[in-house]
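Worksheet: one structure, shown below.
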Amino acid sequence: MNTGATFTPVPAPVPARAFPLGRRRAILVAVVLLAVAGVLVVLLDWPEVQGVIGRASWRLVLPALAITAFSYLCLSWSFGLVNQAFGVRPGQWILLGVGFVSSAMIAAVGGVAGHSLRLLLMVRRGVAASDAMAPSLFHGYLESVIFFAMIPGGLAYLVFTHPLSPRLTVTLGTGAGVLGVAFAITAVVFFVRPVRAVALRLVGLTWRLVLRRDLDAGLRSFEATLVRGLAEVRRRPLSLVLPVLLILADRLSRVVVVWFCFEALGGQVDLGVVVTGFAIGVVAGVMSMVPGGLGVQEGTMAGVYHLLGVSLEQAVLVSLLFRLVYYMVPLAVSLVFYWHVLRVGSSEPPASAEVA
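Shown next as structure tokens:
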């Protein structure tokens with residue numbers, strides 16, 4: 001089913017329509033203020049910062065980079081396996097390359113940019129955009145569910161080991177509850193076909209009203225691919241075991257990278273502290289709607305770690321080092337792979353295949 005021509009324009013208009021000018025300015029101001037606050041913390045406590053940097057063991061950044069590479073390998077491999085389960089098979093190495101490049105973009109810049117890039121690269125490999133979207137969204141859903149499983153443990157550790165004000169407890173609990181409801185709704189939309197049909201009709205109607213384009217053909221192809229993939233998953237549920245394990249390995253690897261950042265900067269912290277600050281920081285970054293959680297994630301991680309007994313200077317430096325090691329370095333490396341993955345014409349025949 002060739003619906004690529006109908007659905008290809010999806011990536012371009014979404015970011016511009018998603019955020020009004022006033023909100024984009026507010027987000028930009030918030031990011032700038034957080035960045036300025038971080039710089040002020042460093043400058044005001046410069047002697048302490050110098051002490052932390054002077055005691056740092058920078059050779060421990062190397063294993064952090066190695067674990068980062070392992071984390072992205074797991075994420076890319078799981079992306080390829082989910083696509084194969086959905087009958088999208090342009091080639092294993094192609095899926096690994098697309099998975100790595102888009103995952104680095106999602107982590108550093110945000111989901112809209114990353115998934116748009118993923119669609120672009122898959123379309124250039126001959127996969128219909130509507131066929132590529134279903135496994136991509138399902139893979140993202142698996143990532144979110146596995147990450148969300150870490151949050152209750154982190155919040156429980158925070159509540160039972162460190163007294164919190166009632167307002168902060170309510171705020172953290174509300175944030176976790178909102179995410180839980182969002183993931184539950186996503187699960188219903190994915191797995192309950194009548195609900196999914198209503199949701200797709202609303203998407204199509206909104207698309208026509210806002211952009212004056214007919215998306216029905218693309219949505220039908222998306223639905224067919226999703227049904228085919230979910231049917232294959234139900235027929236062979238064990239096919240999800242390896243992707244889930246790989247995503248779990250990716251999430252645990254991220255925590256280990258944060259731990260190595262602490263070790264590199266001379267910090268001795270419990271694993272529970274590492275998990276708590278990481279989980280809450282990432283959640284805050286996602287909920288802020290700032291691309292990549294830039295500034296918000298670092299500020300929240302530093303604040304939580306300081307609340308849990310880490311010096312503020314060290315907490316700020318750890319959060320910044322984690323951003324550099326896990327987000328910026330892979331994004332820079334992905335640029336090399338990007339040109340290789342992109343170097344193909346869009347005239348190839350569709351690579352998606354029906355699952356027997």
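Residue 1 is where the sequence shown starts when you use the numbering used here, and the numbers rise one by one after that. Even for Gly, the Cβ is constructed at its ideal location relative to N, Cα and C.
Mind the definition here: the region 269 to 285 touches the region 81 to 98 only if three or more C-beta pairs lie below 8 angstroms; say whether that holds. Counting C-beta pairs closer than 8 angstroms gives fewer than three between the region 269 to 285 and the region 81 to 98, which falls short of the contact rule.
When we look at the beta-carbon of Trp-58 and count the other beta-carbons within 10 Å, is it buried (16 or more) or exposed? Exposed, because fewer than 16 other Cβ atoms sit within 10 Å of the Cβ of Trp-58.
I'd like the list of long-range same chain contacts for Cys-74, defined as Cβ closer than 8 angstroms, with 5 residues on each side in sequence excluded. Answer for Cys-74: Leu-246, Ile-247, Ala-249, Asp-250 and Ser-253, listed in chain order.
Three or more C-beta pairs below 8 angstroms linking the region 282 to 301 and the region 93 to 112: yes
Take the Cβ of Tyr-282 as the centre, count every other Cβ of all protein chains shown within 10 Å, and call the residue buried at 16 or more, exposed below. Before going further, note that residue 282 is Val rather than Tyr in the sequence given. Counting Cβ neighbours within 10 Å, Val-282 comes out buried, since at least 16 surround it.
Which term fits Phe-160, buried or exposed, when burial requires 16 or more other beta carbons within 10 angstroms of its beta carbon? Phe-160 comes out exposed.
Hey, quick one: how far does the alpha helix (DSSP H) through Met-133 stretch, first residue to last? 129 to 148
What are the start and end residues of the alpha helix (DSSP H) that includes Phe-70? Judged by DSSP secondary structure, Phe-70 falls within the alpha helix (DSSP H) whose first and last residues are 61 to 85.
Alpha carbons only, please: which of Val-210, Ala-132, Phe-148 and Cys-261 is nearest the one belonging to Val-178? Phe-148
Anticipated Cβ contact below 8 angstroms, Val-82 with Phe-138, distance rounded: 6 angstroms
Relative to the C-alpha of Gly-229, which candidate in Met-150, Gly-272, Asp-131 and Ala-332 has its C-alpha closest? Asp-131
Please confirm if the region 60 to 77 is in contact with the region 95 to 102, defined as three or more CB-CB distances below 8 angstroms between the two stretches. Counting Cβ pairs under 8 angstroms, three or more are found: they touch.
Using the rule of at least 16 other Cβ atoms within 10 Å of the residue's Cβ for burial, across every protein chain shown, is Val-241 buried or exposed? Val-241 should be labelled exposed.
Please list the terminal residues of the continuous alpha helix (DSSP H) segment that includes Tyr-305. 296 to 307 is the span of the alpha helix (DSSP H), which, as asked, contains Tyr-305.
I think Cys-261 touches Phe-183, with their Cβ atoms under 8 angstroms apart; what is that distance to the nearest whole Å? So it is not a contact: roughly 28 angstroms between Cβ atoms.
Assigned exposure category for Trp-339 - 16 Cβ within 10 Å defines buried: Per the 10 Å Cβ criterion, exposed.
Do Gly-267 and Gln-297 count as a contact pair if the criterion is CB distance below 9 angstroms? By the CB criterion at 9 angstroms, Gln-297 and Gly-267 fall outside the cutoff.
So, Glu-263 versus Leu-121, is the Cβ gap smaller than 9 angstroms? no
Please determine if the region 114 to 128 and the region 61 to 73 are in contact, where contact requires at least 3 C-beta pairs separated by less than 8 angstroms. no
Just to confirm before moving on: does the CB-CB distance between Ser-102 and Gly-87 stay below 9 angstroms? no
Does the beta-carbon of Leu-324 have 16 or more other beta-carbons within 10 angstroms, so that it is buried, or is it exposed? exposed
Exposure of Thr-206, with buried meaning 16 or more beta-carbon neighbours within 10 Å: exposed
In angstroms with no decimal places, state the Cα-to-Cα distance between Ser-311 and Tyr-305. 8 angstroms
Select from Ser-319, Val-203 and Met-328 the residue whose C-alpha is nearest the C-alpha of Arg-220. The residue with the shortest Cα to Cα distance from Arg-220 is Val-203.
Determine the DSSP secondary structure at Leu-358, reduced to helix, strand or coil. Residue 358 lies beyond the residue range present for the chain, which begins at 1 and ends at 356; the question has no answer from this structure.
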